[in-house]
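In what follows, a structure is listed as structure tokens, so that the remarks can point back to it.
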Amino acid sequence: MVLLPTFTTLGAGPTVLMLHDADGGHLTFAPQVETLAGAGYRAVAWDMPGYGRSAPIEPYSFKGLAQSCIALLDALQCTQGTTLVGHGLGAMVAVEVAVRAPRRVGRLVLCAGGPALDGEGLDTWVAPRVAALEGDQAMERVAELLVPRQTGTGALPEGARLAGHAMGQVHRSAFRRALELLPAFARDAADLAHLSMPTLLVSGAQDRCMPPEALQALAHVLPDARHLSLPNVGHWPQLEDPDGFDGALLDFLGSSAPRTIH
1 MVLLPTFTTL GAGPTVLMLH DADGGHLTFA PQVETLAGAG YRAVAWDMPG
51 YGRSAPIEPY SFKGLAQSCI ALLDALQCTQ GTTLVGHGLG AMVAVEVAVR
101 APRRVGRLVL CAGGPALDGE GLDTWVAPRV AALEGDQAME RVAELLVPRQ
151 TGTGALPEGA RLAGHAMGQV HRSAFRRALE LLPAFARDAA DLAHLSMPTL
201 LVSGAQDRCM PPEALQALAH VLPDARHLSL PNVGHWPQLE DPDGFDGALL
251 DFLGSSAPRT IH
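If you're matching positions, the sequence shown starts at 1 in full-length UniProt numbering and goes up one per residue.
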């Protein structure tokens, strides 16, 4: 039996489900929950298994995370055409759901994440986080070390503080397991080529974890994708430049019809 993850929701209308990164829980989409609800959408942001009050899963795998996401879609009565927004590791989960259950996903938004098409890029993402976990430092201290190094020069101060607060709330064991899982993502260009739903890729121009070049490479592989790089932004585009991110998201939702399979 798949345990239902916890989530926050606001608004009514077409469902937009947001899947956070390893670096924090549902709070990393707090600005988007309010924006989407105000624009006529049902905004839902989950806490991935092991995060917040969501029970962990065994075995801990992308398959298991995708199954948890699909169980949440079932509970929300989203049978097809839902928009998934994934950040970092959450973008990988969104892709896994789209590959396994393409009928359920009408649109994809991949923010500062997705399949890393080369191992070097993935190591740049994971290594600083693993290093910061060495010793018995509290997650608040880990956040103090990591967030200033991985936000951009133009980051909204309130957004950077929220990124740090959200990271500080993550359980050390959950964070470590998520980092260990990242290299296990097995979807490659051949899998992506079958994802025909409209896809928006958003990168931070100063993101060292998932640089714009990596997202542009993904855009060339996906059949119906567009890529936007936000200037002076690092690994948390949705928090560092919420106006720019939300504007692009709403424009994408308004200009692209969700793909449905009959």
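A virtual CB, placed ideally from N, CA and C, is assigned to each residue, including glycine.
Under the Cβ criterion (8 Å, minimum of three pairs), the segment 9-20 does not count as touching the segment 226-236. The distance from the Cβ of Leu250 to that of Ala94 is about 18 Å, inconsistent with a contact at the 8 Å cut-off.
For Ala189, same chain residues with a beta-carbon under 6 Å away, outside a window of 5 residues either side, are Val221 in chain order. Within the model, the alpha-carbon separation for Phe29 versus Ala217 is close to 25 Å. Listed in chain order, the alpha helix (DSSP H) runs fully inside the segment 60-102 are 62-75, 89-100, counting runs of at least 4 residues. Taking a contact as a CB-CB distance under 8 Å, the pair Ala160 and Thr151 counts as one, their CB atoms being some 5 Å apart. A distance below 6 Å between beta-carbons, with the five flanking residues on each side excluded, links Leu3 to the following residues of its chain, in chain order: Ala55.
A distance of 8 Å or more separates the beta carbons of Ser203 and Leu195. Sequence-distant Cβ neighbours of Val109 in its own chain, meaning closer than 6 Å and more than five residues away, are Val85, Leu200.
Residue state for His235 is assigned as coil, using DSSP reduced to three classes. Residue environment for Asp23: buried (at least 16 other C-beta atoms within 10 angstroms of its C-beta). Considering only Phe7, Leu65, Val16, Pro242, the residue with the shortest C-alpha distance to Glu158 is Pro242. In the displayed model, Met210 falls within coil according to three-state DSSP, outside both helix and strand. In this structure, Leu182 lies near Val126, with their beta-carbon atoms less than 8 Å apart. DSSP places His165 within a helical segment (H, G or I) once states are collapsed to three. The C-alpha of Arg104 lies about 28 Å from the C-alpha of Leu122. Taking the C-beta atoms as reference points, Val33 is found no nearer than 8 Å to Phe7. Judged by DSSP secondary structure, Ala30 falls within the alpha helix (DSSP H) whose first and last residues are 30-38.
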